[in-house]
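Asks: Numbering (the working numbering), first residue to last: 5 to 912.
Let me give you the structure first, and then I'll get to my questions.
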Amino acid sequence: ELGEDNYPTPKPIIHSIARDLNPTDTGRASVDFSTQAGRRYYIVVKGSDAANSVGGYDLSVEYDPADDHADIGQLMDATFINIVPSTGNGSSTGILEQSNDSDLFVFGVPTTGPTDISLVWDAVPGATFELRLYDINGDRIYANGMTATYTSSSGFLAIPQFTGNTADIFYVAVVGATATRIDYTLNINTGIVDDHANDTNFSQATEIPLEVNTGDGSATGRLEVDDDTDLFTFAVVDNGDVIIDVDQGTIGTLVFRLYDSSMTLITPTVIDGNSIMFTNSAGQDARYYLSIGSTFPGIRTGSYTVNVDGPPIAPDPNDDHVNQGNLAGATVLDVNSINGNASDTGVINTITDTDLFRYDTIGRGELYIQIFSGDVPTPDFTVRIFDASGNELIDLADAIGVPGATGVTAATSFTSSGAGQTFYILVDSTDDTDTGNYTLRVDGPAVTTRTYYPEGFANAGIHEFISLANPNDEAVSYSVTVYYADPMLGSAVVATGTLAAGARGGTTLSYGADIDNDGNADYAPGIIANEAYAIVVESTLRLGASLSHYDSNLVRAGAIGEAFTDLTSDRWDFPDVIRSPGVVEEFVVWYNPNPFDVTLTITAYTGSGSTIVLSPMTVGANKRGGLEIHNVATLPLGTFALEILSAPVDSANNGANIGIIAGLSRYDLVNRFAFGYLGVRDGGSTTNIITALTNGTDITSEFSIFNSGSTAATVDIVGSYLEDPGLPDLVRQVTVGAGERLRLTGTALAFASNEPIGLRITSNVDVAITAIERQRGDADATAAFTEAGTSFYFGDAFMNPLRAGNLYTETLAFYNPGDADTDVTITFFFADGSAERVRMETVAADDFLLLRLENVAQVVQSRPQLNYYAMRIDSTSGVVVSMTHYDGFLGGGWATGGAPLGLTSSIA
């Protein structure tokens with residue numbers, strides 16, 4: 005039995021905690037029990053029979069103590085000693101529990117310098133400790149490479165000092181067969197990590213960033229040893245007084261040394277023992293260096309904080325717009341009453357400048373906002389939106405812009421719930437880094453949303469249809485109004501309706517047939533046969549609209565198709581116009597959407613560079629006009645370019661003027677084809693894109709370049725084949741003289757036969773370009789693309805899956821002007837109300853993609869024979885997209901760009 009006692013003088017008590025009575029008399033008795041540190045235990049050996057149980061025995065006790073540290077060789081379990089970088093010191097304690105015990109420690113050297121390892125303990129006679137040193141692999145090493153045994157019984161033991169390098173790892177073992185049960189402390193001392201460079205080490209000085217709006221900044225440091233110094237540098241934001249103050253902690257007496265940008269010592273004004281002042285007169289971002297040290301009397305080491313209080317950037321006295329927060333002074337944008345759009349210009353004068361604008365909505369719907377800059381390089385600006393109370397709508401802030409759209413440094417969009425809402429638009433330098441010029445552009449909701457096409461015509465031989473597509477998530481009410489060229493006929497609303505969310509619909513203006521069997525051709529109510537008109541679609545929210553016009557009067561099969569547009573301009577160019585009476589009937593038409601009269605100046609540019617200016621023409625408010633080119637005797641015979649400029653008759657209307665819309669249609673009576681397209685806005689560009697042309701067995705292509713400027717254009721043409729990546733790029737260079745035009749054919753440029761090709765056309769001056777393809781008994785034409793967008797609509801698409809690829813063909817052609825691949829989402833909306841279908845495509849950087857819709861499962865798979873649909877294109881960055889449609893049943897085809905949803909931007 006065992007007894008236990010916790011008194012200083014043992015007084016055994018009978019308290020048995022374990023026993024073995026040896027009932028089988030095996031000659032061996034044993035017990036197992038657990039122990040607690042500091043307690044005394046007693047063992048009682050007793051015979052089972054007092055009379056007979058006599059004789060000798062052996063008593064043994066086996067005890068396995070807990071080991072406080074890993075043993076030699078157990079590298080992964082070694083006790084880590086943390087070395088404080090600012091002091092170079094670290095320590096740990098331990099005890100050797102048994103004679104064969106060893107304790108293993110590990111430490112890392114924070115910086116190169118002398119390394120000391122020592123052990124201290126209370127000396128006990130006969131007790132000897134030993135230290136052993138190992139490298140990172142656990143191999144034994146010796147200080148300074150000299151083999152030695154490091155032992156002592158004096159109470160202190162040290163390994164000779166050696167040099168440790170930054171990031172070195174060492175293991176230290178404590179052993180001592182005669183030193184068990186003795187507490188010890190292991191001390192490590194390495195080189196000290198200096199937190200900052202020392203005085204005059206200018207290239208390594210620590211930067212103290214100064215906040216541009218306050219001119220202030222701070223940093224922390226530590227003087228590790230008496231003679232330590234810390235060197236800082238900072239760029240003063242602007243001229244003015246600079247105060248340097250140090251929270252010195254336990255440091256007794258500070259020493260300051262101040263240097264200018266030439267590293268010349270200057271003398272500041274001493275305010276007190278921990279503050280100095282100097283005046284910066286070297287301008288913005290003047291650089292200075294500050295050394296902090298210490299001297300006697302007092303403690304010379306310790307931590308501190310240095311504070312720099314400098315002048316902020318002075319506001320520009322000529323600031324063009326008020327800054328953030330000044331709601332009352334915000335520049336009120338002049339919102340156009342027709343389309344809801346607005347724009348203004350500004351300058352971020354200093355990196356702390358902000359410009360605040362106010363936009364008051366006149367309608368309900370999407371607002372698209374862009375910040376554009378023509379500066380090179382493009383400054384990094386941010387657009388931020390605030391509500392009427394000045395609360396920021398944080399999720400709407402943007403500093404990315406539109407990738408692929410040159411100069412668009414910031415862009416955002418959001419929805420207005422109705423007229424009369426106020427939003428504040430702030431233009432800001434991103435992270436207070438850039439300054440420069442910019443244009444703020446807002447494409448806002450109108451009271452009534454309008455989209456236009458300038459040419460329509462109806463008679464018994466014409467089938468004319470307006471397709472409509474609703475990209476919104478709610479139903480939209482609409483009306484279709486025609487404005488007759490004959491001012492005596494005025495205008496007529498020819499269709500009204502409501503289009504469900506995501507739906508495709510439309511209206512027929514001219515049936516080209518007698519559908520009610522009364523013996524007469526049928527038209528929409530209000531359509532007057534054989535009278536030219538412009539078409540305007542008005543709606544409560546944005547709609548996509550397209551024209552399909554099939555004319556059997558002038559040619560066997562002639563079709564015109566084009567997306568409506570809300571993009572107006574004061575200038576329209578047509579690079580390829582023909583006057584050939586009796587052979588070609590050519591029409592250039594326009595529509596004036598302004599509520600006031602405008603004057604047109606029309607100039608023809610002949611191939612020799614000479615010009616013919618027609619007499620000024622006046623177009624009434626909301627009126628359609630045009631020229632029958634073949635009947636204008638003052639125009640030259642043959643091919644020429646045409647430029648149309650518009651301006652309000654009354655200059656008082658200049659601020660409200662939104663320009664006009666102009667287009668061209670051609671009917672070739674001999675070659676029996678027709679096409680139409682909207683002209684080139686704003687004089688063209690230095691970068692023009694033709695998304696797809698083909699030249700070969702049964703198809704020909706050409707494009708015309710018009711240079712209206714006074715400098716000859718050097719034009720570089722790079723073509724990439726769209727379906728055979730193995731074909732090399734086509735590279736050509738041509739010159740177009742000032743005021744001249746140049747026609748280039750696919751044959752002359754040696755296009756690979758029957759291989760679609762996309763063209764990048766760049767020039768040193770702005771040029772206008774249009775392209776024509778002739779195929780399948782008809783022709784299609786488009787203006788080259790000069791702008792990219794992130795959302796487009798195509799309202800008029802049709803496919804009969806049973807005849808897809810032969811009677812009906814449709815293609816989408818994309819170009820990505822960006823320097824990174826972009827993902828494109830194509831959403832198909834069907835007129836029968838069936839569920840939307842979605843297709844994803846990726847367009848490589850600076851590359852083209854051709855998608856043949858007759859091969860696309862979303863269009864042909866499980867679809868009815870008469871498959872009317874619309875498409876919405878959405879991209880993660882700016883893209884160009886066009887559509888080509890050929891209908892072998894109605895006869896003819898057309899090509900068009902997408903109707904943009906929101907702002908587009910130049911890719912030049």
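Don't be surprised by glycine CBs; every beta carbon is placed ideally from N, CA and C.
Values in this document were obtained by computation on a predicted structure and should not be read as measured data.
Are the region 237-246 and the region 208-220 touching, with three or more C-beta to C-beta distances below 8 Å?
Replies: Verdict: yes, contact present.
Asks: If I follow the unbroken beta strand (DSSP E) through A696, where does it start and stop?
Replies: In the sequence shown, counting from the first residue as 1, residue 696 sits at position 692. Its beta strand (DSSP E) spans residues S689 to L697.
Asks: Between D357 and D570, what straight-line distance do the alpha-carbon atoms span, to the nearest angstrom?
Replies: For the purposes of this step, residue 357 is identified with residue 353 of the sequence shown, where counting begins at 1. For the purposes of this step, residue 570 is identified with residue 566 of the sequence shown, where counting begins at 1. Looking at the two C-alpha atoms, the distance is approximately 34 Å.
Asks: Which one of T615, K627 and D490 has the shortest CA to CA distance from V540?
Replies: Here residue 540 refers to the residue found at position 536 when the sequence shown is read from its first residue. Of the candidates T615, K627 and D490, the one whose C-alpha sits nearest the C-alpha of V540 is K627.
Asks: Report the three-state DSSP secondary structure of E228 (helix, strand or coil).
Replies: As a position in the sequence shown, residue 228 is number 224, starting the count at 1. Residue state, collapsed to three classes: coil.
Asks: Do A772 and F578 have their beta-carbon atoms positioned less than 9 Å apart in this structure?
Replies: Here residue 578 refers to the residue found at position 574 of the sequence shown. Here residue 772 refers to the residue found at position 768 of the sequence shown. Contact: yes.
Asks: Which two residues bound the contiguous alpha helix (DSSP H) that contains Q862?
Replies: Walking along the sequence shown from the start, residue 862 turns up at place 858. Counting along the chain, the alpha helix (DSSP H) containing Q862 begins and ends at A861 to V864.
Asks: Exposed or buried, A392, counting other C-beta atoms within 10 Å across all chains shown (16 or more means buried)?
Replies: For this step, residue 392 is matched to residue 388 along the sequence shown. With fewer than 16 Cβ atoms within 10 Å of its Cβ, A392 is classed as exposed.
Asks: Tell me whether P805 sits in a helix, a strand or coil according to DSSP, three-state version.
Replies: As a position in the sequence shown, residue 805 is number 801, starting the count at 1. Looking at P805 - three-state DSSP - the assignment turns out to be helix.
Asks: Go through its chain and collect everything with a Cβ distance to R841's Cβ below 7 Å, but skip five positions before and after it.
Replies: Start at 1 with the first residue of the sequence shown, and residue 841 comes out as number 837. Only F832 and Q862 meet the Cβ criterion.
Asks: Would you list the residues sitting across from D720 in a DSSP beta bridge?
Replies: For this step, residue 720 is matched to residue 716 along the sequence shown. In the DSSP output, where bridge partners are listed per residue, D720 has Q737 and T766.
Asks: Measuring alpha carbon to alpha carbon, tell me which residue in V593, Y537, A473 and S573 is nearest S550.
Replies: Along the sequence shown, one-based indexing puts residue 550 at 546. Ranking the options by Cα distance to S550, first place goes to A473.
Asks: Mind checking which residues open and close the beta strand (DSSP E) that includes G548?
Replies: In the sequence shown, residue 548 corresponds to position 544, counting from 1. G548 to D555 is the extent of the beta strand (DSSP E) around G548.
Asks: Please check the pair Y554 and G516, which I expect to be a contact at CB under 8 Å, by giving their CB distance rounded to whole angstroms.
Replies: For this step, residue 554 is matched to residue 550 along the sequence shown. For this step, residue 516 is matched to residue 512 along the sequence shown. About 7 Å; that satisfies the 8 Å criterion.
Asks: Report yes or no: do the region 789-804 and the region 866-885 share at least 3 C-beta pairs separated by less than 8 Å?
Replies: Contact between the region 789-804 and the region 866-885 is present, because at least three Cβ pairs lie under 8 Å.
Asks: Beta-carbon separation of D909 and A409 under 9 Å?
Replies: Locating residue 909 in the sequence shown gives position 905, counting from the first residue. Locating residue 409 in the sequence shown gives position 405, counting from the first residue. First, the residue type needs correcting, since residue 909 is Ser and not Asp in the sequence shown. Yes.
Asks: Can you tell me where the beta strand (DSSP E) holding K50 begins and where it ends?
Replies: For the purposes of this step, residue 50 is identified with residue 46 of the sequence shown, where counting begins at 1. Unbroken run through K50: none, as it is neither H nor E.
Asks: Determine, using beta carbons only, whether V250 and V176 come nearer to each other than 9 Å.
Replies: As a working note, residue 250 is residue 246 in the sequence shown. As a working note, residue 176 is residue 172 in the sequence shown. No.
Asks: Quick one: grab the DSSP three-state call for T605.
Replies: Here residue 605 corresponds to residue number 601 of the sequence shown, with the count starting at 1. T605: strand per DSSP, three-state reduction.
Asks: Taking its Cβ as the centre, do 16 or more other Cβ atoms sit within 10 Å of I47, making it buried, or is it exposed?
Replies: The residue you call residue 47 lines up with position 43 of the sequence shown. The residue in question, I47, is exposed, as its Cβ has fewer than 16 Cβ neighbours within 10 Å.
Asks: For V684, which residues from the same chain have a beta carbon less than 6 Å from its beta carbon, with the 5 sequence-adjacent residues on both sides left out?
Replies: Counting from one through the sequence shown, the residue named residue 684 turns up at place 680. Taken in chain order, the residues that qualify are D577, A772 and A787.
Asks: Please name the residue or residues paired with Q374 in a DSSP beta bridge.
Replies: In the sequence shown, residue 374 corresponds to position 370, counting from 1. For Q374, which the question treats as bridged, DSSP gives the partners A415 and R445.
Asks: Under the DSSP definition of a beta bridge, which residues are partnered with P652?
Replies: Here residue 652 refers to the residue found at position 648 of the sequence shown. Answer is V602.
Asks: Secondary structure at S897, three-state DSSP: helix, strand or coil?
Replies: The residue you call residue 897 lines up with position 893 of the sequence shown. Looking at the sequence itself, residue 897 is Gly, so the reference to Ser does not match. In the structure shown, G897 sits in a strand (DSSP, three-state: E or B).
Asks: Thinking C-beta only, is Y873 closer than 9 Å to F802?
Replies: Along the sequence shown, read from residue 1 onward, the residue named residue 802 stands at position 798. Along the sequence shown, read from residue 1 onward, the residue named residue 873 stands at position 869. Against a cut-off of 9 Å, the Cβ pair of Y873 and F802 comes out as a contact.
Asks: Would DSSP call L79 helix, strand or coil?
Replies: Numbered from 1 along the sequence shown, position 75 holds the residue referred to as residue 79. If DSSP states are grouped into helix, strand and coil, L79 belongs with the helices.
Asks: Are F109 and T91 touching if we call contact CB-CB under 9 Å?
Replies: In the sequence shown, residue 109 corresponds to position 105, counting from 1. In the sequence shown, residue 91 corresponds to position 87, counting from 1. Not in contact: F109 and T91 (Cβ atoms no closer than 9 Å).
Asks: Does the beta-carbon distance from G743 to S714 come in below 9 Å?
Replies: Within the sequence shown, the letter at position 739 stands for residue 743. Within the sequence shown, the letter at position 710 stands for residue 714. In contact: G743 and S714 (Cβ atoms closer than 9 Å).
Asks: From D520 to S471, what does the alpha carbon distance come to, in whole angstroms?
Replies: For the purposes of this step, residue 520 is identified with residue 516 of the sequence shown, where counting begins at 1. For the purposes of this step, residue 471 is identified with residue 467 of the sequence shown, where counting begins at 1. Between D520 and S471, the C-alpha separation is close to 22 Å.
Asks: Below 8 Å, can you find three or more Cβ-Cβ pairs linking the region 753-762 to the region 696-705?
Replies: With a cut-off of 8 Å, the region 696-705 and the region 753-762 count as touching, because enough Cβ pairs lie within range.
Asks: DSSP on Q208, reduced to helix/strand/coil?
Replies: Position 204 of the sequence shown holds residue 208. Q208: helix per DSSP, three-state reduction.
Asks: If F133 and F174 are in contact, beta carbons under 8 Å, what's the gap, nearest whole angstrom?
Replies: Sequence index remark: in the sequence shown, residue 133 carries index 129 (1-based). Sequence index remark: in the sequence shown, residue 174 carries index 170 (1-based). At roughly 18 Å, the Cβ-Cβ gap does not stay under 8 Å, so F133 and F174 are not in contact.
Asks: Below 8 Å on the Cβ atoms is my guess for A403 versus T434; work out the distance and round it to an integer in Å.
Replies: By 1-based counting over the sequence shown, the position of residue 403 is 399. By 1-based counting over the sequence shown, the position of residue 434 is 430. At roughly 5 Å, the Cβ-Cβ gap stays under 8 Å, so A403 and T434 are in contact.
Asks: Exposed or buried, which one is I911 when buried takes at least 16 other CB atoms within 10 Å?
Replies: The count along the sequence shown starts at 1 and reaches residue 911 at position 907. I911 comes out buried.
Asks: Which of the three DSSP states is assigned to N169 in this structure?
Replies: The residue labelled residue 169 in the question sits at position 165 within the sequence shown. Three-state DSSP puts N169 in coil, outside helix and strand.
Asks: How far does the beta strand (DSSP E) with N193 in it reach, from first residue to last?
Replies: Along the sequence shown, one-based indexing puts residue 193 at 189. D187 to N193 is the span of the beta strand (DSSP E), which, as asked, contains N193.
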